[in-house]
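As structure tokens, the structure follows; a few thoughts come after it.
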């Protein structure tokens, strides 16, 4: 009557299937994309100029982190080239390993774009349009120099020894406002500063000439 009880109790359980863990590159890129998605939530109705410029700064900072993450995880260099005339920037692979020239799939890349570049225009940002512009990209030093690009190396550092400042600007009523985004050359990390109505030195110098 109880002859089969022992065999039922000692029967080995069915092994659970193994689950594949996420790789470092998957984790870093996922975090960067989530940051961009979170930053894209800019107030939809009645957004003020400060709201818009802060929201745009969060997206730009997330894109800098995305480029840095690609550089670290792929052990290669990635370049962001700015265009003030187009009010945007382009991400490309700048390392020697040509197999990395095709960028990973990205939900923000338009279908018509080349797989070797990611083009970002501030006018495409939700609820921002042409109101927020890239005013200047300069080195943060006693005599700031205008630059046109930022490159991240295999350690996530910038190839430039000085900190880099990306200045965004917008119009709030009768005055211009400015917001700096700083990229640390040692860590490659970005920091969004405070809004000011004082123009960057490089813009003030141009206005006085």
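In my numbering, the protein residues as written are 269 to 477.
The C-beta atom is built at its ideal place from N, Cα and C for all residues, glycine as well.
Note that the structure is a prediction, hence the values are computed from the model and not measured.
Within the same chain, 440, 445 and 463 come within 7 Å of residue 318 by CB-CB distance, once the 5 residues on both sides are set aside. For residue 336, the closest C-alpha among the options 325, 327 and 348 is that of 348.
Between the segment 403–423 and the segment 380–391, the count of Cβ pairs shorter than 8 Å is below three; the stretches do not touch.
Contact between residue 325 and residue 449 holds, since their C-beta atoms are separated by about 5 Å, short of 8 Å. Judged by DSSP secondary structure, residue 440 falls within the beta strand (DSSP E) whose first and last residues are 432–440. Annotation for residue 369: 361 and 384 place their beta carbon closer than 7 Å to its own, counting only its chain and skipping 5 residues before and after.
Ranked by how close their Cα comes to the Cα of residue 469, the residues 460, 322 and 435 have 435 in first place. Here the alpha carbon of residue 393 sits roughly 15 Å from the alpha carbon of residue 316. Boundaries of the beta strand (DSSP E) harbouring residue 447: 443–451, taken from the DSSP string.
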